[in-house]
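If you count the sequence shown from 1, position 152 lands on 277 in this note's numbering, and the numbers rise without skipping.
All C-beta atoms in this analysis are idealised placements derived from N, C-alpha and C, irrespective of residue type, glycine included.
None of the values given here were measured: they were computed from a predicted structure.
Just below is one structure, and these are the notes that go with it.
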Amino acid sequence: MTDIPHKLKTLQEKILSLRKNNIIELQHGDEGYASAPSNIALIKYWGKQEGKNQIPANSSLSFTLDGFRSYTKVTTLGRFFPVEEQNTPHKFTNQFALYSDLNVFRSFKKNSEKPAPEKINHFINSILSPFAPEIALYVESHNNFPTACGIASSASGYAALVGAIANLLQLEKYFTQEELQYWLSEWARLGSGSATRSSLLQKNSLFVAWRLRENSSEETTTESLQYHENWKQLKHCVLILDDSEKSVSSSHGHKLAHTSPFYGVRVAGMPFKYDRMTKAIKEFDFESVKHITEEEAFSMHAVMQTGTPPACYLNSQVAVVISKFIQYRDAHHLKAFWTLDAGPNIHILYLAEHEAFMEQFIFDYQKINNQEIKILHNKLEKLGTIFAY
Ligand code: PMV
Numbered sequence: 126m127t128d129i130p131h132k133l134k135t136l137q138e139k140i141l142s143l144r145k146n147n148i149i150e151l152q153h154g155d156e157g158y159a160s161a162p163s164n165i166a167l168i169k170y171w172g173k174q175e176g177k178n179q180i181p182a183n184s185s186l187s188f189t190l191d192g193f194r195s196y197t198k199v200t201t202l203g204r205f206f207p208v209e210e211q212n213t214p215h216k217f218t219n220q221f222a223l224y225s226d227l228n229v230f231r232s233f234k235k236n237s238e239k240p241a242p243e244k245i246n247h248f249i250n251s252i253l254s255p256f257a258p259e260i261a262l263y264v265e266s267h268n269n270f271p272t273a274c275g276i277a278s279s280a281s282g283y284a285a286l287v288g289a290i291a292n293l294l295q296l297e298k299y300f301t302q303e304e305l306q307y308w309l310s311e312w313a314r315l316g317s318g319s320a321t322r323s324s325l326l327q328k329n330s331l332f333v334a335w336r337l338r339e340n341s342s343e344e345t346t347t348e349s350l351q352y353h354e355n356w357k358q359l360k361h362c363v364l365i366l367d368d369s370e371k372s373v374s375s376s377h378g379h380k381l382a383h384t385s386p387f388y389g390v391r392v393a394g395m396p397f398k399y400d401r402m403t404k405a406i407k408e409f410d411f412e413s414v415k416h417i418t419e420e421e422a423f424s425m426h427a428v429m430q431t432g433t434p435p436a437c438y439l440n441s442q443v444a445v446v447i448s449k450f451i452q453y454r455d456a457h458h459l460k461a462f463w464t465l466d467a468g469p470n471i472h473i474l475y476l477a478e479h480e481a482f483m484e485q486f487i488f489d490y491q492k493i494n495n496q497e498i499k500i501l502h503n504k505l506e507k508l509g510t511i512f513a514y
């Protein structure tokens, strides 16, 4: 990866110098761990600035899904290996497992090993360039939620991977807090844009912004947003209407976004929308957060569906479930709203006081429509930071 920001290059050079001075030393078998939450965007990132490396067209903002996490362990291979084995590809396992305790790293099962996909291999090699070529990594990564269930595993997956490598290199000893945060969120961003919103060290990062910057040498910044205490009562679940893999990957979808006639209008309106949203989060203006989030999901899907070629991530049930949910919510005056990611599964966010109503809605919907819907509840473990393991 050649096109990395100047400040990140400087930090990579700092790692190289620490290595040359034998301050950071990696031995065969050294380990690093991290766990990172997923997130659901309320203001979406869809489309990148042309000719730039992973710079979004607009600022985005997400709610942290602390209960839906990726757990990653990296183990160093190499250094004392003979030359032919020094280029061992990064092995990567990614299997679903639900862990009830935090000793997750002891319970790894190694039954679904596979070589890392080329993109991840290249990404790891870029981060580990100060140790090139003799270090390879064995990566074990697990989600506590099923893949392809409407929760972005790339966000938590890349953030946890970057965190585990930081832990392996013990960067917390050699970097300032600000440098470490920058290193984590920039590498996570380069892996997958939405991952930068899962990479914060700061505890209680309930809402996270990935913001475009003006008049700055840095093009974007990732930061925890100030929020009203009442948002701590916000609960989250996903109604799974289809758990198959998406047909158009988000990296391909970002490339198609500009072909939609609505894209320019959407991007132009973003700064205003973003400002309204941050104010509403600060003031606990529930109605505005609800309105902007729902409008934003429609807006992103409108761009997706009107590109050339169109990318339709929805199915026939989505509109039915959303309209029934809105009818029920309005009839019972519930503080609740919905959003969608790049898929047909519906994320519902609601205040804890309405939990029984939400359960009733789902129960009634299934009964009336004679249809079973899988529901994933975000248990909000409040683990806090990406080194929370
Ligand atoms: O991080 P990526 O490249 O997978 O893109 C994420 C895009 C959405 O999940 C659809 C929206 C978002 O902002 O998370």
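For a test of the three-state rule: what should DSSP assign to residue i, helix, strand or coil?
{"i": "Glu348", "result": "strand"}
{"i": "Arg231", "result": "Any reading at Arg231 needs caution, since the residue's pLDDT is 35, under 50, leaving its predicted position unreliable; the model's value is listed next. Three-state DSSP puts Arg231 in a helix."}
{"i": "Ser281", "result": "helix"}
{"i": "Val373", "result": "coil"}
{"i": "Leu286", "result": "helix"}
{"i": "Leu143", "result": "helix"}
{"i": "Tyr170", "result": "coil"}
{"i": "Ala427", "result": "helix"}
{"i": "Thr433", "result": "coil"}
{"i": "Glu150", "result": "coil"}
{"i": "Asp400", "result": "helix"}
{"i": "Ser385", "result": "coil"}
{"i": "Pro130", "result": "coil"}
{"i": "Glu419", "result": "helix"}
{"i": "Leu253", "result": "coil"}
{"i": "Glu209", "result": "Because Glu209 sits at a pLDDT of 47, beneath the cut-off of 50, its placement in the model cannot be relied upon, and the following sentence gives the value as read from the coordinates. Residue state, collapsed to three classes: helix."}
{"i": "Lys409", "result": "Residue 409 is actually Phe in this sequence, not Lys. Phe409 falls in the coil class under three-state DSSP."}
{"i": "Gly394", "result": "helix"}
{"i": "Gly275", "result": "coil"}
{"i": "Asn246", "result": "helix"}
Suppose contacts are defined by Cβ-Cβ distances below 9 Å. Is residue i in contact with residue j by that definition?
{"i": "Ile168", "j": "Ile417", "result": "yes"}
{"i": "Gly172", "j": "Ala422", "result": "no"}
{"i": "Arg336", "j": "Tyr399", "result": "yes"}
{"i": "Tyr158", "j": "Val199", "result": "yes"}
{"i": "Lys357", "j": "Lys415", "result": "no"}
{"i": "Tyr299", "j": "Ile148", "result": "yes"}
{"i": "Thr201", "j": "His153", "result": "yes"}
{"i": "Phe462", "j": "Glu419", "result": "yes"}
{"i": "Leu296", "j": "Leu305", "result": "yes"}
{"i": "Leu366", "j": "Asn440", "result": "yes"}
{"i": "Asp410", "j": "Ile276", "result": "no"}
{"i": "Leu190", "j": "His458", "result": "no"}
{"i": "Val333", "j": "Ser187", "result": "yes"}
{"i": "Glu474", "j": "Thr464", "result": "The amino acid occupying residue 474 in the given sequence is Leu; Glu does not appear at that position. Yes, they are a contact pair."}
{"i": "Gly318", "j": "Thr384", "result": "no"}
{"i": "Leu364", "j": "Val446", "result": "yes"}
{"i": "Val264", "j": "Ala291", "result": "no"}
{"i": "Ala261", "j": "Thr197", "result": "no"}
{"i": "Gln496", "j": "Gln442", "result": "yes"}
{"i": "Ala436", "j": "Gly394", "result": "no"}
{"i": "Asp72", "j": "Pro271", "result": "Because the chain in this structure spans residues 126 to 514, residue 72 falls outside the shown range and cannot be described."}
{"i": "Thr345", "j": "Ser184", "result": "yes"}
{"i": "Leu326", "j": "Ser251", "result": "no"}
{"i": "Ser342", "j": "Lys132", "result": "yes"}
For residue i, list the residues DSSP reports as bridge partners.
{"i": "Glu175", "result": "According to DSSP, which records beta bridges pairwise, Glu175 is partnered with nothing at all."}
{"i": "Glu156", "result": "Thr200"}
{"i": "Thr189", "result": "Asn164"}
{"i": "His502", "result": "Cys362"}
{"i": "Pro181", "result": "Lys173"}
Quiz item: Are the segment 151-170 and the segment 269-287 in contact at 8 Å, needing three or more beta carbon pairs?
Solution: Segments in contact, yes.
Quiz item: Is the number of C-beta pairs between the segment 129-148 and the segment 303-312 that are closer than 8 Å three or more?
Solution: Short answer: they touch.
Quiz prompt | Those runs of the alpha helix (DSSP H) which lie wholly inside the segment 287-368 and span at least 4 residues | solution = As far as the segment 287-368 is concerned, its whole alpha helix (DSSP H) runs of at least 4 residues are 296-299, 302-316.
Quiz item: Which runs of the alpha helix (DSSP H), 4 residues or longer, sit entirely within the segment 435-500?
Solution: Counting only runs of 4 or more, we get 441-456, 480-494.
Quiz item: Do the segment 367-377 and the segment 343-355 meet, that is, are 3 or more Cβ pairs less than 8 Å apart?
Solution: No: the two stretches stay apart, fewer than three of their Cβ pairs being nearer than 8 Å.
Practice problem: Decide yes or no for the touch test of the segment 174-191 against the segment 488-497: beta carbon pairs closer than 8 Å, at least 3 of them. | Solution: These segments do not touch.
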